[in-house]
Amino acid sequence: MKIHQNYITLATAVGFALLVLLANIFLHAPEGKLRMGFAAALYLVSRDTLAGASIARGARSLKNPGRWLYAFYMALFFGSFMLLALWRGIDTLPARLPGTLSGAALFGTLMAFAFKTPPYPYAHHFKLESPLLPPRLGAALTYMAPPLRLVAIWAFYQASPHTPAYLFFYIILIGFAVPRYRRKSGGNILWANFPTLVGYVLLVALLFAPF
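Per this note's numbering, the sequence shown starts with residue 521, numbered consecutively.
Structure, rendered in structure tokens:
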């Protein structure tokens, strides 16, 4: 019996939450439940943006902007998850952020340029002929997105309460919202995008969670 991809996606999201739980068993860090929820949300919200970057990454060349875009999103995902898994409290963020950013940048660069990766296997699930944004505007915004996203994350966080919930909320929402390609709906747009919608609902719920 073939299991629908949506169920596999939701199960994988639970797996990311359990990885944070496993790390927390050894670290005994604060906000454990909160970070588990955000780890699941990170995977659910980011997967279409990561897929779009993977589909459009093109040839493995330093001159290829598609590869650098792919490196950025891989680095953002890896760095976000490392923050969640190895969290030691909001007060330690300034000390831990340089190392996390360096590790994330190295990871993204290696994934984009050092390893030969096969084509994205689920490209047929997306409307490649009609990107989410208009062609000219979309192309410009796509390649301007990395610095714009980082500046927006910093600006929104600075204007909000400096809590872990707001930090992770902005990293995930601003970092991965608006993927390059839309999913094919197959006649049911809600079900086609169900895991992503679960991720957004989880994000909002965690922002106001009592723990």
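A virtual CB, placed ideally from N, CA and C, is assigned to each residue, including glycine.
Which first and last residues belong to the alpha helix (DSSP H) in which residue i is found?
{"i": "P681", "result": "Here P681 belongs to no alpha helix (DSSP H), and DSSP marks it neither H nor E."}
{"i": "D568", "result": "552 to 575"}
{"i": "W711", "result": "709 to 712"}
{"i": "R580", "result": "No alpha helix (DSSP H) contains R580, which DSSP labels as neither H nor E."}
{"i": "F536", "result": "525 to 547"}
{"i": "P618", "result": "613 to 629"}
How should residue i be labelled, buried or exposed, when 16 other C-beta atoms within 10 angstroms of its C-beta is the threshold for buried?
{"i": "F568", "result": "Per the sequence presented here, residue 568 reads as Asp, with Phe not at that position. The residue is buried, with at least 16 neighbouring Cβ atoms inside 10 Å."}
{"i": "S574", "result": "buried"}
{"i": "T662", "result": "buried"}
{"i": "R656", "result": "exposed"}
{"i": "I489", "result": "Nothing can be reported for residue 489, as the shown portion of the chain is limited to 521 through 731."}
{"i": "N734", "result": "A question about residue 734 goes unanswered here, because the residues of the chain that appear run from 521 up to 731."}
{"i": "T637", "result": "exposed"}
{"i": "T716", "result": "buried"}
{"i": "F546", "result": "exposed"}
{"i": "A615", "result": "exposed"}
{"i": "S600", "result": "buried"}
{"i": "R577", "result": "buried"}
{"i": "L589", "result": "buried"}
{"i": "A571", "result": "buried"}
{"i": "A725", "result": "exposed"}
{"i": "R608", "result": "exposed"}
Indicate the three-state DSSP secondary structure (helix, strand or coil) for residue i in the structure shown.
{"i": "R587", "result": "helix"}
{"i": "R703", "result": "strand"}
{"i": "F696", "result": "helix"}
{"i": "F728", "result": "coil"}
{"i": "F635", "result": "coil"}
Looking at C-alpha atoms only, which residue of the options is the closest neighbour of residue i?
{"i": "A712", "options": "L541, L538, L564", "result": "L564"}
{"i": "A549", "options": "L606, P666, V724, A679", "result": "L606"}
{"i": "M602", "options": "A632, H645, L541", "result": "L541"}
{"i": "E649", "options": "P618, L554, K704, S680", "result": "K704"}
{"i": "I610", "options": "S566, P681, R702", "result": "P681"}
{"i": "A729", "options": "G557, F714, N526, L547", "result": "G557"}
{"i": "N526", "options": "A537, A595, Y690, G719", "result": "G719"}
{"i": "F536", "options": "P666, A561, E551", "result": "A561"}
{"i": "L538", "options": "M594, R580, F597, L604", "result": "L604"}
{"i": "R702", "options": "L727, P651, R555", "result": "P651"}
{"i": "G695", "options": "L723, Y640, N708, A679", "result": "L723"}
What I want to know is whether the C-beta of residue i ends up closer than 7 angstroms to one or more non-hydrogen atoms of the ligand FMN.
{"i": "R669", "result": "By its list of ligands, the structure shown contains no ligand whatsoever, and the ligand FMN lies outside what it can speak to."}
Counting pairs of Cβ atoms below 8 angstroms between the region 581 to 597 and the region 640 to 648, do you hit three or more? no
Between the region 590 to 598 and the region 626 to 641, can you find at least three pairs of beta-carbon atoms closer than 8 angstroms? yes
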